[in-house]
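Below: the structure, in structure tokens.
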Amino acid sequence: MARKKASATATAEVHTDADTDATQSVGGLNALGDLRLDDLRDSAVELWLQALRQPEVFARESAAFYAKLAKIIVRGDGGESAPSPDPRFGDSAWRNNGLYRRWLPAYQAWAQSLQNFVDQAGLEPKQTGRAKFLMSQVTEALAPTNFLLGNPAALKRAYESGGKSLLSGYQNWLSDVTARRPVPSQVDTRPFKVGDNLAATPGDVVLRTELFELLQFAPQTEQVHERPILVIPSIINKYYAFDLAPGRSLLEYLVQNGFTLFVMVFRNPGKEHDSWGMDTYMDGMDEALQAVKSISGCADPNVLAVCGAAPLAVTVAGHHEAMHSKSIGSMTLFVAPLDCAAMNDTPVLGDFNDPKLSKWTKVLPKKSDRISADEFTLLFAMLRPNDLIWNYWVNNYLMGEGPPAFDILAWNSDATGMTAQYNRDFQAFCARNPLATPGAMQYRDTPIADISKFGFDSLVIAARTDHICPWPSVYRSAQMLGKRCDFLLGGRGHIQTIVAPPGGKKDFYFLNPDNTKDSDGWLADAQRVDGSWWPYYVEWCAKRSGKMVAAPKKPGNKTHPSLGKAPGTYVHEKASS
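Just remember that the working numbering sits 1386 ahead of the position in the sequence shown, which is counted from 1.
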């Protein structure tokens, strides 16, 4: 079957280092629900009260900063011979101009002084982590390069362009303000259209509920494996990270290699859906599974569950195992921590997973428990503010340039929210950590089966440089799933591991059949394989997907007829408040 052509996909082949860095920060896990903007306010209150309790610490660090500032003013620099490695300060003016030569070390000394104060404030470890994160947001926001007079490169651009760069920057700013974007535009979305050159794999909607649409992709081979695959995407991200432009789509690749593929497309929830909790989503997953079984005639489809949807999919699978119902052929989990305790060590996010935060929520007013798409966008960006906020602030507003056209960032800008009940349920789930203890997790008032004794094979995939779901915590999921689980470690970041079509020169992954060692031991003995992991996954699934049969002639069946063409209607829904 012919693929849709993508006129804009060429832009994805060449992109800047900044765009590559930005892909490391997109995507994510529902655990981000532990980090709220309200929590930053609470951390500021904690730090302020501690400063009042220990004024001598503040006074001592202030005196040290002013002493260093005086030396900088007198010497004319910070006393460092090597230039700053920070690319924001790469312009020669930071070395040659007397004002800028003093401004840079003064700014760096101030930023370091704030971090020193936090270290000495006597806070508990998680409080210290939260306070340092807050201070980093302040210092990065007030970097001199974020202001016109503090950015010599922007001043030169304004002079050379006769002020046109400033006019363009103002227009870019006005466009973002008018669109009520929470951060500067990271991408030019105009070349991309969902259903045309994104989420373009042909198929049909074969089930629509209030919660989700179920897509069945059209076969692209004469024969297919008799066991289909049900893909359950992340609940807080649009599914088409796995179905980007033709040639860069994992879902398209699976269809082209003889798999019948079904994908759940979750609705972008509005305020009217705030009663949807974890049980709602698990019921939806089970309904999708039953529909796939009905349409395909296969009693035990394969399942691929992504990120924060994985604990729910494992719970549904565990329920069927407990009921002695063979409903799963195999299960693949992508960047999916199942042990919430393992996530406590995640940089930044682990610091906000702290029950002591709740004491402030009893005193200070708090927003609804729902997390809007805009808040998710801002929170993700704050995890790497230079890459995802201030880099674009300077580029778009001070330099007057437009953001790049890049398919991954276009997907990332298509944000999804989280319902209030789901957020409450997920935080309670993290606190109880029930999947780590056999019999602790229940679904439909029944304990699920021990996940280490599932009667099917599983594969867990992690990303080595993923900062949202650190790979050792994902490796722990493979250990929890027992002897029938394999583990694959992608060599790059969260999204770069997803979008890794064969032929990429930078792609590689690691394999090691021994999951008994700790993560360092596993990696030390692992075999590095150069290239994309996609062919490995096709081979792994093929061994667990039965014989080849004639491809279905039409989508759905009498019970689940086609309701329209993929990617359906829910993928287009926006919810920003």
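Ideal placement from N, C-alpha and C gives every residue a C-beta, glycine not left out.
Quick caveat: nothing in here was measured; it's all calculated off a predicted structure.
- DSSP places valine 1651 in the strand class (E or B) of the three-state scheme.
- By the criterion of a C-beta distance shorter than 6 Å, asparagine 1781 is surrounded in its chain by Glu1787, once the five residues flanking it on both sides are discounted.
- Check the Cα spacing between tyrosine 1895 and each of Gly1917, Pro1441, Val1569: the tightest is with Gly1917.
- With contacts defined as CB atoms closer than 7 Å, phenylalanine 1645 and glutamine 1602 fail to qualify as a contacting pair.
- Histidine 1710 counts as exposed, since fewer than 16 other C-beta atoms from the protein chains shown sit within 10 angstroms of its C-beta.
- Around the beta-carbon of asparagine 1483, fewer than 16 other beta-carbon atoms lie within 10 Å, marking it exposed.
- In the DSSP assignment, alanine 1848 falls within the beta strand (DSSP E) that extends over 1843-1849.
- Going by C-alpha positions, threonine 1587 is about 7 Å away from proline 1632.
- Looking at the backbone, the Cα of arginine 1653 and that of valine 1617 are separated by about 15 Å.
- With 16 or more other CB atoms across the displayed protein chains lying within 10 angstroms of its CB, phenylalanine 1503 is buried.
- Bounds of the alpha helix (DSSP H) holding leucine 1455 are 1441-1461.
- In this structure aspartate 1574 touches alanine 1791 by the C-beta definition: roughly 4 Å separates them, less than 8 Å.
- The DSSP-derived three-state label of cysteine 1871 is strand.
- When secondary structure is reduced to three states using DSSP, histidine 1958 falls in the helix class.
- Looking only at Asp1505, Trp1920, Ile1459, the smallest Cα-Cα distance to valine 1443 is reached by Asp1505.
- Annotation for leucine 1455: Ala1492, Ala1495 place their beta carbon closer than 7 Å to its own, counting only its chain and skipping 5 residues before and after.
- For threonine 1718, DSSP records a beta bridge to Leu1690, Leu1845.
- In the DSSP assignment, tyrosine 1667 falls within the alpha helix (DSSP H) that extends over 1664-1682.
- Residue range 1609-1611 is occupied by the beta strand (DSSP E) that includes glutamine 1609.
- Every candidate alpha helix (DSSP H) stretch fails here, since none sits fully inside the segment 1931-1957 while reaching 4 residues.
- Around the beta carbon of serine 1838, fewer than 16 other beta carbons sit within 10 angstroms, so the residue counts as exposed.
- Between lysine 1657 and aspartate 1686, the C-beta spacing is not below 7 Å.
- When the beta-carbon positions are compared, serine 1551 and alanine 1544 come within less than 7 Å of each other.
- Here isoleucine 1834 is buried: its Cβ has 16 or more other Cβ atoms, across all protein chains shown, within 10 Å.
- Taking the Cα of alanine 1529 as reference, the smallest distance to any Cα among Arg1850, Leu1949, Leu1584, Trp1779 is reached at Trp1779.
- In its chain, beyond the 5 residues on either side, Leu1500, Gln1501, Val1504 have a beta carbon closer than 7 Å to the beta carbon of methionine 1521.
- Residue environment for glutamine 1813: buried (at least 16 other C-beta atoms within 10 angstroms of its C-beta).
- If you draw a straight line from the Cα of threonine 1945 to the Cα of leucine 1593, it comes to about 9 Å.
- In terms of Cβ geometry, alanine 1565 and glycine 1589 do not form a close pair [threshold 7 Å].
- A Cβ-Cβ distance of about 4 Å is found for the pair arginine 1516 and serine 1429, placing them in contact under the 8 Å criterion.
- Judged by pairs of C-beta atoms under 8 Å, the segment 1891-1908 does not touch the segment 1933-1940, as fewer than three such pairs exist.
- With 16 or more other Cβ atoms from the protein chains shown falling within 10 Å of its own Cβ, serine 1844 counts as buried.
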